[in-house]
Amino acid sequence: MLKSVAIGFTAAVVLLTAAPAPAHHAFSSEFDVDKPLQLQGTVTVMEWVNPHSWIHLDVKGAGGTVNWMVEGGSPNQLLRLGFTKNALLPGMNIVVTGFQAKDGTHKAVGRELTFADGRRLFLSESAADTPK
Amino acid sequence: MIARCLLSIGLAAVASAPPAWTPPRTTDGHPDLQGFWTNATITPLERPRELGAKEFFTAEEAAEDRKRALVPLPTAQRGGTEAHYEFTQFGLDRSQAQIAFSLRTSMIVGPEGRVPPLTPEAQQRNAERAARNKGHEFDGPENRGIQERCIVWGNEGPPMLPPGYNSFLQIVQTPTHVMIEQEMIHDARIIPLDGRPHLPQSVRRWLGDSRGRWEGDTLVVDTTNFTDQTNFRGSRENLHVVERFTRVDQDTIRYEFTVDDPTTWTRAWSAELPLVKDKGPIYEYACHEANYGMANNLRGARAKEDR
């Protein structure tokens, strides 16, 4: 059993954008709102690909190490925030809160991502503090 | 007080009206529309019903509207699902974008400010299509929308509407063609200006078949020959679009369009939005290349069937 198990749904609902931007695909059919999770692990691969970036991370648990894939936003916009291919490198420790994929595999949507020390990974206001 | 201020501003404007702005021109003498532009906006396509026939905000109302529009809403109000990434984290919310502001209360012009009603024929067509798809939404990739399949995104049009994020486009001109590439999702519209006729009706294209011409300093682009999988507000292969591009100052192109389709709407309708100069560049958006979402969605549906 993974150490990183589903956590309760946070009461402090994260605020989203004012204007409903059209999502690329049907999130509610890809990810399960009833399977919220928190993952802490080590980055193995950062895929800078559209329509969504995907972060791969190794998560250690009682049953061994499992490699998860976590979906994020468009890399085009991350580039505009100042991120580069060196912003998220293998070996970095991150924490992801999100929702597991409905197919039951080790995939999730990364709703909020932080470095292990608590700094926000992609929040634009802190973009200047992130490794370039 | 406000009224007095506005009056004095108006009088000052009349007294010292600036000379008409002259656009920069290409070597063949047409207005130069080239460069990077953004159409990111907070102006909705359709006017909120509570605004009635009010087509423009005052400057004060517009400032309030901007303040309101850029504050994030909870998911419950925004619609959608919690199983989504947090937009502010990825720079996808509009508070982090360069916005092409306008005093318009809706992109659609005129007193109605809304898409006209569908004809009975279109209503029946849509109902039949929905009935055919019901229960088969996840049978295979062909059942998913063309946007989810990374074929064409809704913003590409034409008419070109803001996609919500990565709202950038590039225009390149030659004496014989205009090219418009939108970052989302990187298709290049190559528009001949030489007066050639549209393609035969038997040839259908995802982005339609566009023909351009200059009317004075305005580029006019006429587009027909869409596919039956086109879906612009209910209009499909019979969609007819006329776009007008006018560079009105150094940093702005006025983008207007009129759409008509007698098999879909009870009348033609028109909209207007600004394109604002951006420093660029635009980036590749290879949507299909990494569209893991498609497989994940279909696998999710199979897993549900197995339960």
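Protein chains in written order, with this note's numbering: chain B, 2 to 133; chain Y, 1203 to 1509. Think of the CB as a built atom: it goes at the ideal place given N, C-alpha and C, for glycine as much as any other residue.
Along chain B, in chain order, which residues have C-beta atoms closer than 8 Å to that of residue i?
i         : result
Y:Tyr1457 : None at all; the shortest Cβ gap to chain B is about 19 Å.
Y:Asn1368 : Ser75, Asn77 and Gln78
Y:Lys1506 : Lys103
Y:Phe1447 : Those within 8 Å of Y:Phe1447 in chain B number zero; the least Cβ separation is about 24 Å.
Y:Ala1488 : Val50 and Asn51
So who's on the other strand from residue i, going by DSSP bridges?
i         : result
Y:Thr1426 : Y:Asp1411
B:Gly42   : B:Ile95
B:Ser75   : According to DSSP, which records beta bridges pairwise, B:Ser75 is partnered with nothing at all.
Y:Thr1240 : Y:Phe1370 and Y:Val1478
B:Leu114  : B:Val97
Y:Gly1337 : Answer is none; Y:Gly1337 lacks a bridge partner.
B:Asn68   : B:Asp59
Y:Tyr1457 : Y:Phe1447 and Y:Leu1475
Y:Val1380 : Y:Gln1375 and Y:Ile1393
Y:Glu1199 : In this structure chain Y extends from 1203 to 1509, so residue 1199 of chain Y is not present and cannot be described.
Y:His1442 : Y:Asp1462
Y:Phe1467 : The identity of residue 1467 of chain Y in the sequence shown is Trp, whereas the question assumes Phe. Partner(s): Y:Leu1320.
B:Arg81   : None, per the DSSP bridge assignment.
B:Arg121  : B:Thr115
Y:Glu1350 : Per DSSP, none; premise fails for Y:Glu1350.
B:Glu48   : B:Trp55
Y:Arg1227 : Y:Pro1233
Near residue i, what residues of its chain come up, given a Cβ to Cβ distance below 7 Å and the 5 sequence neighbours on each side ignored?
i         : result
B:Thr115  : Ile95, Val96, Arg121 and Leu122
B:Val34   : Phe100
Y:Cys1489 : Cys1352 and Ile1387
Y:Val1374 : Gln1236 and Met1381
Y:Arg1435 : Val1317
Y:Ala1470 : Thr1460, Val1461 and Asp1462
Y:Arg1249 : Thr1307, Ser1308, Ile1310, Gly1315 and Arg1316
Y:Lys1269 : none
Y:Leu1213 : In this predicted model, Y:Leu1213 has a pLDDT of only 39, less than 50, meaning its place in the structure is not dependable; the value taken from the coordinates is given anyway. Cβ within range, chain order: n/a, list empty.
Y:Lys1377 : Checking the displayed sequence, the identity of residue 1377 of chain Y turns out to be Pro instead of Lys. Closer than 7 Å at Cβ, skipping near neighbours: Asp1230.
Y:Leu1395 : Thr1378, His1379, Val1380, Gly1414 and Arg1415
Y:Gly1323 : In the sequence on display, residue 1323 of chain Y carries Glu and not Gly. Excluding residues within five positions, the ones whose Cβ falls inside 7 Å are Thr1465.
Could you name the residues of the same chain whose beta carbon sits closer than 6 Å to that of residue i, not counting the 5 residues immediately before and after it, in chain order?
i         : result
Y:Ala1503 : Phe1340
Y:Glu1507 : none
Y:Phe1289 : Asp1295
Y:Thr1420 : Arg1446 and Thr1448
Y:Gln1372 : Phe1238, Glu1383 and Ile1484
Y:Glu1458 : Arg1446 and Glu1474
Y:Ser1472 : Val1311 and Thr1460
For residue i, which residues in the same chain have their Cβ closer than 8 Å to its Cβ, ignoring the five residues on either side in sequence?
i         : result
Y:Asp1389 : Val1354, Glu1358, Glu1383, Trp1408 and Leu1409
Y:Tyr1494 : none
B:Val71   : Leu40, Trp55, Ile56, His57, Leu58, Val97, Gly99, Lys108, Ala109, Val110, Gly111 and Leu114
Y:His1232 : Gln1375, Trp1416, Asp1419 and Leu1421
Y:Glu1491 : none
Y:Gln1300 : Thr1240, Ala1242, Val1478 and Asp1480
Along chain B, which residues have their Cβ under 9 Å away from the Cβ of residue i?
i         : result
Y:Gln1325 : Here the premise fails: no neighbours, minimum Cβ distance about 24 Å.
Y:Ala1302 : Residues of chain B passing the Cβ test: none, with the nearest at roughly 13 Å.
Y:Glu1516 : With chain Y running from 1203 to 1509 in the structure shown, residue 1516 of chain Y is simply not present.
What residues from chain B crowd round residue i, counting only those whose CB sits closer than 7 Å?
i         : result
Y:His1338 : Per Cβ cutoff of 7 Å: no residues; Y:His1338 is ~14 Å from chain B at best.
Y:Thr1283 : Phe28, Ser29 and Val34
Y:Ala1255 : Under the 7 Å cutoff, chain B gives no residues; its nearest Cβ is about 23 Å from Y:Ala1255.
Y:Arg1501 : Asp104
Y:Ala1390 : Per Cβ cutoff of 7 Å: no residues; Y:Ala1390 is ~17 Å from chain B at best.
Y:Ala1265 : Those within 7 Å of Y:Ala1265 in chain B number zero; the least Cβ separation is about 15 Å.
Y:Asn1498 : Glu31, Ala102, Asp104 and Lys108
So the beta strand (DSSP E) residue i belongs to, where does it begin and stop?
i       : result
B:Lys61 : Trp55 to Gly62
B:Phe28 : Run containing B:Phe28: none in the beta strand (DSSP E); it sits in the alpha helix (DSSP H), Phe28 to Glu31.
Which residues in chain Y sit within 7 Å of residue i, going by Cβ to Cβ distance?
i       : result
B:Asn87 : Going along chain Y, no residue has its Cβ under 7 Å from B:Asn87, so there is no contact; the nearest lies around 17 Å.
B:Leu58 : None at all; the shortest Cβ gap to chain Y is about 15 Å.
Could you list which residues in chain Y have their beta carbon closer than 8 Å to that of residue i, in chain order?
i       : result
B:Trp55 : Ala1492 and Tyr1494
The alpha helix (DSSP H) spanning residue i covers which residue range?
i         : result
B:Asp104  : No alpha helix (DSSP H) holds B:Asp104; DSSP gives it neither H nor E.
Y:Met1511 : Any answer about residue 1511 of chain Y is impossible in this case: the structure gives chain Y only from 1203 up to 1509.
Y:Glu1185 : An answer regarding residue 1185 of chain Y cannot be provided, because it is not within the stretch 1203 to 1509 covered by chain Y.
In chain Y, which residues lie with their C-beta within 9 Å of the C-beta of residue i?
i        : result
B:Arg112 : Glu1284, Ala1285, His1286, Tyr1287, Glu1288 and Gln1291
B:Asn68  : Ordered by position in chain Y, no residue passes the 9 Å Cβ test against B:Asn68, which lies about 15 Å from the chain.
B:Arg121 : Gln1291
Give a yes or no on contact between the stretch 1363–1373 of chain Y and the stretch 1237–1244 of chain Y, applying the rule of three or more CB pairs nearer than 8 Å.
yes
Counting pairs of Cβ atoms below 8 Å between the stretch 42–51 of chain B and the stretch 1291–1309 of chain Y, do you hit three or more?
no
Does the stretch 53–71 of chain B come into contact with the stretch 1461–1477 of chain Y, if we say contact requires no fewer than three beta-carbon pairs (one atom in each stretch) closer than 8 Å?
no
Any 3 or more C-beta pairs closer than 8 Å across the stretch 1410–1427 of chain Y and the stretch 1441–1455 of chain Y
yes
Hey, is the stretch 1400–1407 of chain Y in contact with the stretch 1248–1262 of chain Y, meaning 3+ C-beta pairs nearer than 8 Å?
no
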